[in-house]
C-alpha cells in the first residue's frame with residue numbers, strides 16, 4: 050500500500066487569541082502536541098497499526114492537563130466532569146464510543162474497550178465505566194482529573210450566566226483532542242476525546258462520540274473533529290468528507306476544506322478537524338482563529354502549530 | 050413545491066414468521082399502523098408540517114403496546130426500560146435526540162423538546178428527562194410502560210443466556226418505530242423511537258438517536274431505520290442514502306435499496322428503513338423476513354404490510 054505512514058492530531062480549536070497565550074503556555078502546548086505525535090508515530094514507525102497509533106496519541110493528549118480531555122477536562126454546570134470519546138478502525142469500520150463517562154483515566158481506551166470487548170458501538174454513563182472496569186483499565190479519583198484553571202473557567206461561566214451574559218471566548222465550547230493515522234499497510238483509524246463545553250448541561254453529548262459526526266474512519270479517509278459539536282452532528286461532518294471523496298472523487302484536501310469552510314462555517318459550525326487518507330496525505334483545516342494541531346509523516350520531522 | 054404529501058412509517062423489522070403471527074395480532078398490527086398513518090396524514094392533509102406529522106405518527110406508534118417504543122418498550126438485562134428517540138427537520142437540519150430515557154410518555158416528544166428547547170442535539174439519561182419535564186411533557190409510571198409480553202421475552206432471553214444460548218428470534222433486536230414525511234411545501238422530516246433490544250446491556254445506545262445512522266432529514270430525503278443498530282451506525286446508513294442521492298444523483302429508491310441490500314445486508318446489518326424524498330416518493334426496503342410498515346400519499350388510500 051502506501052509505504053508511508055502519517056499521523057495528524059488536534060488539541061482543540063476556537064478563539065485562541067495570541068494575546069491570551071503566554072510564551073510559557075505556548076511552549077508547553079507545542080511540547081504536549083509533540084509528545085502525542087511521538088507516542089503515535091513510534092508505533093507507526095515500527096509497523097504498528099493506525100488503531101494503536103491514534104489510541105496512543107489520544108492517551109498522551111488526555112494525560113496532558115492543558116487539553117480538554119481526560120485529565121484537565123472541563124466541568125459541567127453541575128461542577129462535574131463528563132467525558133465522551135470514540136475510536137474507529139477504517140479497514141473493517143469497527144467502532145466504539147462512550148458518552149457521559151467519569152472514572153477511567155483514558156476515556157479513549159474505554160471507547161476501545163466497547164469496540165473490542167462488547168457487541169455494541171455506543172455505551173453511556175455508568176454502563177460505559179463498567180465496561181472499562183471489566184477491561185481492567187486504570188481508574189482515577191476526581192482529584193486526578195481536577196485542574197484549577199478549568200474550575201476557575203466554570204466559575205467565570207456561571208458568574209456570566211447569572212448576569213445574563215455569555216462568554217465571548219468561543220474556546221470554552223471547543224475543547225477536544227483527536228488523532229487520525231494511516232499506517233504502513235495503508236490502514237486508517239480515528240480517535241477523538243473530550244470533556245465537552247465548560248458549563249455544559251449535564252447529559253449533553255456533542256459530536257465526539259457520534260460516528261460520522263466528530264469521528265470516522267473507513268477505507269478512504271479518517272477524520273477527527275473539534276468545534277461546535279451540534280453543527281458537526283447536524284451536518285454529519287466527518288461522513289460528508291468520506292462521501293465527497295468516495296462519490297465525487299474529491300481529494301482529501303478538497304473534501305475537508307469544503308466541509309469546514311462551505312458546510313460548517315456558514316452554519317455557525319466554528320471549529321476544525323484533522324484528516325488523513327490511505328496514501329498518507331493529511332489535511333488540518335479550521336475556520337476558527339486557531340487550532341492546536343500537529344502532524345508527522347514517515348521520514349519527516351513533526352510539525353506543530355496553533356494559528 | 051411537490052403539491053403532494055407523503056408519509057411512511059415502520060414498526061420494526063426482523064424475523065417475523067407468519068407462523069408466529071396469530072390472526073388477532075396481525076389484525077391489531079395493521080390497525081396500529083393505520084392509526085399512526087392517520088394521525089400523521091391528517092396533519093399533512095391540512096397543510097401542516099412534515100415535522101408535526103412524523104411527531105404525531107411516532108407518538109401513535111409509541112402509544113401502541115404492540116411496538117417496541119414508549120408503552121411496550123422492551124426490558125434491558127437489568128429489567129428496566131431505557132428508551133432512545135430522535136427527530137430531525139429537513140429544511141434547516143435542526144435535530145434533537147435522547148438516549149437512555151425513562152419517564153416521558155412519548156420519548157419522541159422529549160427528543161423534540163431537546164431540538165426546540167435547548168441549544169443541544171443529543172441529551173442522555175436523567176438530563177434528557179429533565180428537559181422533557183421542563184417542556185411540560187406528560188410522564189408515566191413504570192406500570193404504564195410495562196407489558197407482560199415484553200417481560201416474558203426478557204425472562205426467556207435471560208434463561209437462554211444462562212444456558213449459553215442465544216435467541217433464534219432476530220426480532221428481539223429489531224424493535225423500533227419511525228416515520229418520515231414530505232409535506233405540501235416539500236419539506237421533509239424524520240422521527241425514530243425505540244426501546245432497544247430485549248435483554249440489552251443497560252447503557253447501550255443503538256442507531257436510533259445517532260443522527261445520520263438511524264435518523265436523518267435534509268432537503269433531499271428523510272430516513273428512519275430499524276434493524277441491527279450497531280451496523281447502521283458503523284456504516285452511517287441514513288447519511289449514505291442522502292449522500293448517494295446528492296452526489297451520485299441516484300433516485301430515492303436506488304439509494305435506499307443500495308444501502309439496505311448492498312451495504313447493510315453483507316455486513317450483518319439486518320433490518321430495513323423507510324425513506325421519502327421532496328417529491329413525495331417513498332421507499333420501504335428491508336433485508337429481513339418482514340418489516341411492519343405502511344405509507345400514504347395525498348389522495349390515495351393508506352397501505353400497510355408486514356411481509
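Protein chains in written order, with this note's numbering: chain V, 50 to 356; chain C, 50 to 356.
Note that the Cβ used here is the ideal one computed from N, Cα and C, for glycine as well.
Let me confirm a value: residue 50(V) is counted as buried when at least 16 other C-beta atoms fall within 10 Å, else exposed. Which label applies? Any answer about residue 50(V) is weak, because its pLDDT of 48 lies below 50 and its placement is not dependable; what the coordinates show is given next. Burial call: exposed.
Report, in whole angstroms, the separation of the C-beta atoms of residue 312(C) and residue 289(C), which I expect to be a contact under 8 Å. Confirmed, about 6 Å.
So the alpha helix (DSSP H) residue 90(V) belongs to, where does it begin and stop? 72–94
Check whether the region 244–254 of chain V touches the region 154–171 of chain C, taking contact to mean three or more Cβ pairs, one atom from each stretch, closer than 8 Å. yes
Would you decide whether residue 76(V) is buried or exposed? Buried here means 16 or more other CB atoms lie within 10 Å of its CB. When all chains shown are included, residue 76(V) counts as exposed.
If you count every other CB in all the chains shown that lies within 10 Å of the CB of residue 291(C), and 16 or more means buried, which is it? buried
Contact set between residue 341(C) and chain V, taken where Cβ atoms lie within less than 7 Å: By Cβ distance, chain V contributes nothing, its closest Cβ being about 24 Å from residue 341(C), past 7 Å.
Within chain C, the residues that residue 203(V) reaches when beta carbons sit closer than 8 Å: Those do not exist, as residue 203(V) stays about 17 Å from chain C at its closest Cβ, beyond 8 Å.
Could you check what DSSP says for residue 268(V) in three-state terms: helix, strand or coil? coil
Using only alpha-carbon positions, find the residue among 258(C), 304(C), 210(C), 246(C) that is nearest to residue 239(C). Of 258(C), 304(C), 210(C), 246(C), the residue nearest in Cα terms is 258(C).
For residue 59(V), which beta-bridge partners are listed by DSSP? 227(V), 342(V)
Under a Cβ-count criterion, where at least 16 other Cβ atoms within 10 Å of its own Cβ denotes burial, should residue 78(V) be classed as buried or exposed? buried
Neighbour list for residue 158(C) in chain D, Cβ cutoff strictly below 8 Å: The question asks about chain D, but that chain is absent: this structure's protein chains are V and C.
At least one CB of chain V closer than 8 Å to the CB of residue 139(C): is that the case? Closer than 8 Å: no.
Spell out a yes or no on whether the region 224–241 of chain V and the region 133–150 of chain V are touching, meaning 3 or more CB-CB pairs, one atom from each, closer than 8 Å. yes
Between residue 50(C) and chain V, is the shortest Cβ-Cβ distance under 8 Å, so that the two count as touching? Confidence in residue 50(C) is poor, its pLDDT being 48 and thus under 50, which makes the residue's placement too unreliable to answer from.
Using DSSP bridges, identify the partner residues of residue 173(V). 148(V)
Should residue 253(C) be flagged as near chain V, meaning a C-beta pair shorter than 8 Å? yes
Could you name the residues of chain V that residue 285(C) contacts, counting a contact when the two beta carbons are closer than 8 Å? 260, 261, 265, 285, 288
Span of the beta strand (DSSP E) around residue 322(C): 320–326
Using the Cβ count rule (16 or more neighbours within 10 Å means buried), how would you classify residue 245(C)? buried
Would you mind telling me which residues of chain C sit closer than 7 Å to residue 199(V), beta carbon to beta carbon, in chain order? Within 7 Å Cβ-Cβ: nothing; residue 199(V) doesn't reach chain C, min ~20 Å.
Counting beta carbon pairs with one atom in the region 59–69 of chain C and one in the region 92–105 of chain V, are three or more of them shorter than 8 Å? no
Residues of chain C with CB under 9 Å from residue 143(V), in chain order? 283
Indicate whether residue 185(C) and residue 323(C) have their beta-carbon atoms separated by less than 8 Å. Taking C-beta atoms as the reference points, residue 185(C) and residue 323(C) fail to come closer than 8 Å.
Taking Cβ to Cβ, would you say residue 269(C) is nearer than 8 Å to residue 294(C)? yes
Between residue 129(C) and residue 342(V), what straight-line distance do the alpha-carbon atoms span, to the nearest angstrom? 44 Å
What separation, rounded to the nearest whole angstrom, lies between the Cα atoms of residue 189(C) and residue 154(C)? 6 Å
Chain V within 8 Å of residue 132(C), Cβ atoms only: no
In chain V, what lies closer than 8 Å to residue 297(C) by C-beta? 296
May I ask you to report which of helix, strand or coil DSSP gives residue 347(C)? coil
Under the three-state DSSP convention, the category residue 294(C) falls into: In the displayed model, residue 294(C) falls within a helix according to three-state DSSP.
Let's test the definition: count the other Cβ atoms within 10 Å of the Cβ of residue 276(V) and tell me whether it reaches 16, buried, or not, exposed. buried
State the Cα-Cα distance for the pair residue 335(C) and residue 306(C), rounded to the nearest angstrom. 8 Å
Start and end residues, alpha helix (DSSP H) containing residue 309(V): Under the DSSP assignment, residue 309(V) falls outside any alpha helix (DSSP H); it carries neither an H nor an E label.
Less than 8 Å between the CB atoms is what I'm expecting for residue 271(C) and residue 325(C), so what's the real figure, rounded? 5 Å
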